[in-house]
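Quick notes on the structure that follows.
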Amino acid sequence: MFTGIITSTGKIKKIEQNTKNRSAIKVSVDLGRDSKGLKIGQSVALNGVCLSATKISKNTCTFEMIDETMKKTDLGNLKVGSLVNVERSLKVGERLEGHFVLGHVDGVAEIKKIEKKPKEVKVWFKIP
């Protein structure tokens, strides 16, 4: 579970096909300070999408994504060098700043209209 508060950005270091599962992609991300204390199997939100760490080497963490994740999120558009928003999962007893977010994505909405005003921006979406 997450709060929706982005703690840092990570940089995509490598994208490769999973040789054991051809329908999965491995994405390696330099998480910088957010890699501290991270363990294999723990959840990290990348661009709001909950992913599990499958490999950790220094500041770089590898995640695996199946085709469905790539299609239903913007993660399918990533390239080496792309920046992603990073958030580590909540820990019991930590201060909750934001709201509860699961990081499970059901689809990608289409932006229909953007209206900018001096103190606000309104965005209309078409939900699939």
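Heads up: the sequence shown runs through residues 1 to 128, numbered per our numbering. Note that the Cβ used here is the ideal one computed from N, Cα and C, for glycine as well.
Name, in chain order, the residues that DSSP records as bridge partners for residue i.
{"i": "A24", "result": "I66"}
{"i": "S8", "result": "V86"}
{"i": "V121", "result": "K116"}
{"i": "I100", "result": "It should be pointed out that residue 100 corresponds to Phe in this sequence rather than to Ile. According to DSSP, which records beta bridges pairwise, F100 is partnered with nothing at all."}
Quick check on this structure: which residue in the options has the alpha carbon closest to the alpha carbon of residue i?
{"i": "L78", "options": "V27, S43, K119, I114", "result": "V27"}
{"i": "N21", "options": "K91, A45, I66", "result": "I66"}
{"i": "K14", "options": "K122, H104, L31, S23", "result": "L31"}
{"i": "A109", "options": "T7, K39, K71, V121", "result": "K71"}
Verify whether the separation of the beta carbon atoms of residue i and residue j is less than 8 angstroms.
{"i": "E64", "j": "T54", "result": "yes"}
{"i": "I12", "j": "S82", "result": "yes"}
{"i": "S89", "j": "Q17", "result": "no"}
{"i": "F125", "j": "K112", "result": "yes"}
{"i": "L46", "j": "V84", "result": "yes"}
Apply the 10 Å Cβ neighbour rule to residue i and answer buried if 16 or more other Cβ atoms are within range, or exposed otherwise.
{"i": "G107", "result": "exposed"}
{"i": "V44", "result": "buried"}
{"i": "I5", "result": "exposed"}
{"i": "E94", "result": "exposed"}
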